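Taking our numbering, the leading residue of the sequence shown gets 214, the next gets one more, and so forth.
Ideal Cβ placement from N, Cα and C applies to all residues, glycine included.
No experiment lies behind these values; they were computed from the predicted model shown.
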Amino acid sequence: MPASSTKPRKAVSAGAIPIWVYDIGEDGVQAFTDFGIENLIELIKFYKEHPELLRR
214 MPASSTKPRK AVSAGAIPIW VYDIGEDGVQ AFTDFGIENL IELIKFYKEH PELLRR
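See below:
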């Protein structure tokens, strides 16, 4: 795979779309779009306010 390529993976949740960014050695790190980060922040706030909705 070329250096710094991106490869979409399945969404963690609606609106939070993770993207895997790879280097030359095939090592990768998960990244998010700006929109995905905003939605992830909102999800965290929501579940902090409603922890009873989290499944354990």
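| query | result |
| --- | --- |
| Report yes if the CB atom of Phe245 is closer than 9 Å to the CB atom of Leu256, and no otherwise. | no |
| Hey, out of Asp236, Phe259 and Ile232, whose CA is closest to Phe248's CA? | Ile232 |
| In terms of residues, what are the limits of the alpha helix (DSSP H) holding Gly241? | That residue, Gly241, is in no alpha helix (DSSP H); its beta strand (DSSP E) goes Gly241 to Phe245. |
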